[in-house]
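Top to bottom, those sequences are chains D, E, L and C.
Each residue of the first sequence is one higher than the last, beginning at 276 in my numbering.
Each residue of the second sequence is one higher than the last, beginning at 276 in my numbering.
Each residue of the third sequence is one higher than the last, beginning at 276 in my numbering.
Each residue of the fourth sequence is one higher than the last, beginning at 276 in my numbering.
Built from N, CA and C at the ideal position, the CB exists for glycine as well.
Please read all numbers here as calculations on a predicted model, not as lab measurements.
What follows is a set of notes on a single structure, which appears directly below.
Number of protein chains: 4
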Amino acid sequence: MSVRTPDPDPDWTPDAEPPPHPSSTPGWLTDFELAQIRERLPLLYVEAVPVRVDGLGQVTELGVLLRANPLGEMTRTLVSGRVMYGETLRDALFRHLEKDLGPMAFPQLPLSPVPFSVAEYFPLPGISAFTDDRQHAVSLAYVVSVTGTCEPRQDALEITWMTPEEAASDEVCAEMEGGRGVLLRQALASVGGLR
Amino acid sequence: MSVRTPDPDPDWTPDAEPPPHPSSTPGWLTDFELAQIRERLPLLYVEAVPVRVDGLGQVTELGVLLRANPLGEMTRTLVSGRVMYGETLRDALFRHLEKDLGPMAFPQLPLSPVPFSVAEYFPLPGISAFTDDRQHAVSLAYVVSVTGTCEPRQDALEITWMTPEEAASDEVCAEMEGGRGVLLRQALASVGGLR
Amino acid sequence: MSVRTPDPDPDWTPDAEPPPHPSSTPGWLTDFELAQIRERLPLLYVEAVPVRVDGLGQVTELGVLLRANPLGEMTRTLVSGRVMYGETLRDALFRHLEKDLGPMAFPQLPLSPVPFSVAEYFPLPGISAFTDDRQHAVSLAYVVSVTGTCEPRQDALEITWMTPEEAASDEVCAEMEGGRGVLLRQALASVGGLR
Amino acid sequence: MSVRTPDPDPDWTPDAEPPPHPSSTPGWLTDFELAQIRERLPLLYVEAVPVRVDGLGQVTELGVLLRANPLGEMTRTLVSGRVMYGETLRDALFRHLEKDLGPMAFPQLPLSPVPFSVAEYFPLPGISAFTDDRQHAVSLAYVVSVTGTCEPRQDALEITWMTPEEAASDEVCAEMEGGRGVLLRQALASVGGLR
């Protein structure tokens, strides 16, 4: 099975405003440039596990995205995306949450910029728990409470809400792309919800 | 100057419902029993730094309580109180936030039960950064975002909202009772707001 | 099966020096006093997962204690014990590590006093993931690297070293007393070793 | 004053073995390529605050590097460097510790891969607490206990050991390049040493 992180520039679909011209905006890369860099440098990502909480802040549900990969296979994944040049981590996190969950999700970004986990994705398996056949990526992962309505946009077909027990199950873990089942369990552990 | 943690059972003011009879409710202690235990065991507290955040989760203001101590002196302190027998940490945190900030503060309890700091209060100074002349107390400290209106009740006269810069200043730190200026700075550090 | 935290004063076995007389040392309690307090107040504990690491700080093995409980049943548990009056958390952690692992374990206490998890033990199941039929206890849990030789003393019969995979297995988790299998998995998650 | 992060490839000094040829080793970049990428992508760094601890794990001293920048000015900085393609964070951290502190420092890498802070460096001031006039860099920062002898190599002239009080002082903070005084205080806060 081909596992991939989401395309790093997935904002530029027909629905979105067109990207600025690469040569005039240093932060933007052509596909060719990005392909070159991907073989040379680790790329920085942010990743989020959206959750719903009760009145005492306890996580009751976790949101997992269902997505069709380029081969047409269904895989589960998390909110995820690249940090752009000049962009703060908070801005990147907010942008990708809006991109993947829609404008009405109302995410409550974490108070602390320290992630619950740093996931290292390598093209080859065995170096860490995570793989990405396109690149070496390092992802700062956060648990983010959402209070509004989530309507996945773009290539994410659906968001599935799971109880902590379901999210930690071997079945769900096996379906998560790139080894993100481990990330889901680490997220649960960080909020005291791992059983 | 006499520095003290808030009285451990401050709920039982004339405004509150009367406490259950101690002998029939194991979790409640008479003043005499509590005084005895205070010389024998470390007591468990929770403490909170209430904050206001912007749309990206960045802390813009911190709330500090102004209180008159039994000697009539004004001191600054944090939301704080004892964990009762049979009570979860989340319940204790919520109860003390409501007690000190009123019922309309709408605190967003942290997703993680791991505190940003564990403050150890000893009767004698020099053992740690924190002192409490009544007891040995160990306090789990949390940063808590509040979205509503804070109206201090009981013995807290006022809540003062400060910018991160003000809260970290030497002046404010010197006014915090029991060494809590350090806790305020640790809270700021934990949310990336220490400058 | 009866699950219990270790007796809170397990230092005072025939092998150890006798405790000071309670009335002259406020930090020490008679059995009767402790029994009384246990029905009135949450008791503060520290807990440790001893680990061995490789040259890059990666956890290779976790140590789990095998102990016979008062009913003669074998259970697995962690290094654990009560924080005494006037004692710092670091002192308590060191004392219990030495008590349970012997004087040659050479534990490297964590740089940060913030625990990886706060475990709440209640007499009745269902309130949290952890139970202790004797009391309400709140335990600050740490992962501690040990570099020497561990020789369990007192009531711990043996220390078993496990790989991360073994420690996270359902079998081991089911054998841990009071729900500490969850704590073991949280410990693994905190060091990036949960798979 | 010109503030800079250490050159991203400082291993390749006359003292070190020559770098592999760029075209045959995808992880290595020519100076020209790196200069191009620096205007397009955030670069990933690791950073370390070396510390000495007492027998209970409490930080007694922090190590700060003294370095001459390209303009011949003396500035203080931390152990720091880029994460290379295909390199784990632990490997990068170990490599830069050895590079800056020498082979006899015997660093004890942290058990947890989660940093105490994520420092965001931007070319322009005001976006975060940190600046780097060469690039947008995101740095994962760790406190690392060292038990051996530190002998700075390469462009670091000297390592200065400071008490927690000295390290947190306004004087030292003002001398740290790129705003790293804040990082030093965050490091202290994370180990309970901020006063």
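* To do: Note down, in chain order, every chain B residue with its Cβ under 7 angstroms from the Cβ of ARG460(D).
  => The structure shown contains no chain B; its protein chains are D, E, L and C.
* In three-state terms, what does DSSP make of GLN333(D)? -> coil
* Grouping DSSP H, G and I as helix and E and B as strand, with all else coil, what is SER387(E)? -> coil
* Asked: Relative to the C-alpha of LEU353(D), which residue among GLN410(D), ARG470(D), VAL418(D) is closest?
  -> VAL418(D)
* Below 7 angstroms between beta carbons: does that hold for ALA464(E) and GLY423(E)? -> No, the Cβ-Cβ distance between ALA464(E) and GLY423(E) is not below 7 angstroms.
* Does any residue of chain D bring its CB to less than 7 angstroms from the CB of VAL418(L)? -> Taking a beta-carbon distance threshold of 7 angstroms, VAL418(L) does not count as an interface residue toward chain D.
* To do: Please say whether LEU340(L) and ILE434(L) have beta carbons closer to each other than 7 angstroms?
  => yes
* What residues of chain C sit near PRO317(D), judged by a beta carbon separation below 7 angstroms? -> Those within 7 angstroms of PRO317(D) in chain C are LEU319, VAL358, TYR360.
* Let me know the secondary structure DSSP gives SER414(L) once reduced to three states. => The answer is strand: DSSP assigns SER414(L) an E or B state.
* CA-to-CA distance, ARG370(E) to PRO317(L), given in whole angstroms -> 16 angstroms
* Apply the 10 Å Cβ neighbour rule to THR438(C) and answer buried if 16 or more other Cβ atoms are within range, or exposed otherwise. => exposed
* Report the residues of the region 444-460 of chain E with a CB closer than 8 angstroms to any CB of chain C, ordered along the chain. => Residues of the region 444-460 of chain E with a C-beta less than 8 angstroms from any C-beta of chain C: VAL457, ARG460, listed in chain order.
* Span of the beta strand (DSSP E), counted from its first residue to its last, around ARG351(C) -> 349-352
* **Selection from GLY467(E), ALA462(E), GLU452(E), GLY456(E) that minimises the alpha carbon distance to PRO345(E)** => GLU452(E)
* To do: Sort ARG470(L), GLU450(L), PRO400(L), THR363(L) by Cα distance to LEU331(C) and report the nearest one.
  => THR363(L)
* If you measure from the beta carbon of THR404(D) to each beta carbon in chain L, is any gap under 7 angstroms? -> The sequence shown places Ala at residue 404(D), rather than the Thr named in the question. Yes, contact with chain L.
* Taking only beta-carbon positions, decide if PHE369(E) is within less than 7 angstroms of chain D. => PHE369(E) counts as touching chain D.
* Could you please give the first and the last residue of the uninterrupted beta strand (DSSP E) stretch that includes PHE397(L)? => Taken as a continuous stretch (DSSP letters only), the beta strand (DSSP E) holding PHE397(L) covers 392-397.
* Asked: To the nearest angstrom, how far is it from the Cα of TRP436(C) to the Cα of GLU336(C)?
  -> 6 angstroms
* Asked: For chain C, is any of its Cβ atoms less than 7 angstroms away from the one on THR324(D)?
  -> Note that residue 324(D) is Val in the sequence shown, not Thr. Not an interface residue.
* Would the beta-carbon of VAL413(E) fall within 7 angstroms of that of LEU372(L)? -> In this structure, VAL413(E) sits away from LEU372(L), with a CB-CB distance that is not shorter than 7 angstroms.
* To do: Under the assumption that ARG470(C) contacts GLU440(C) (Cβ atoms under 8 angstroms), give the Cβ distance between them as a whole number of angstroms.
  => 7 angstroms
* Show which residues of chain E have a CB atom less than 7 angstroms away from the CB atom of LEU337(L). => Simply none; closest approach about 20 angstroms.
* To do: Whole angstroms is fine: what's the gap from GLY361(L)'s alpha carbon to PRO378(L)'s?
  => 23 angstroms
* Asked: Who are GLU322(C)'s beta bridge partners in DSSP?
  -> According to DSSP, which records beta bridges pairwise, GLU322(C) is partnered with SER355(C), ALA416(C).
* Asked: Exposed or buried, what is ASP306(E) when buried is set at 16 or more other beta-carbons lying within 10 Å of its beta-carbon?
  -> exposed
* Burial state of ALA343(L) (16 or more Cβ within 10 Å) -> exposed
* To do: Put VAL466(L) into one of helix, strand or coil per three-state DSSP.
  => coil
* To do: Quick one: which residues of the region 384-412 of chain D get their C-beta closer than 7 angstroms to a C-beta of chain E? List them in chain order.
  => LEU384, PRO385, LEU386, SER387, PRO388
* To do: Look up LEU376(L) in the DSSP assignment and say whether it is helix, strand or coil.
  => helix
* **As assigned by DSSP and simplified to three states, the class of GLU314(L)** => coil
* Separation of ALA462(D) from ASP286(E), as counted between CA atoms -> Reliability fails at ASP286(E), whose pLDDT of 39 lies under 50, so the model's placement of it is uncertain and no value is given.
* **Contact belief for ALA394(E) with ALA416(E) at Cβ below 8 angstroms, rounded distance in angstroms** => Contact between ALA394(E) and ALA416(E) holds, with the beta-carbon distance rounding to 6 angstroms and staying under 8 angstroms.
* Asked: DSSP puts ILE434(C) in a beta bridge; with which residues?
  -> LEU340(C)
* **Below-7 angstroms beta-carbon distance, GLY332(L) vs any chain C residue** => yes
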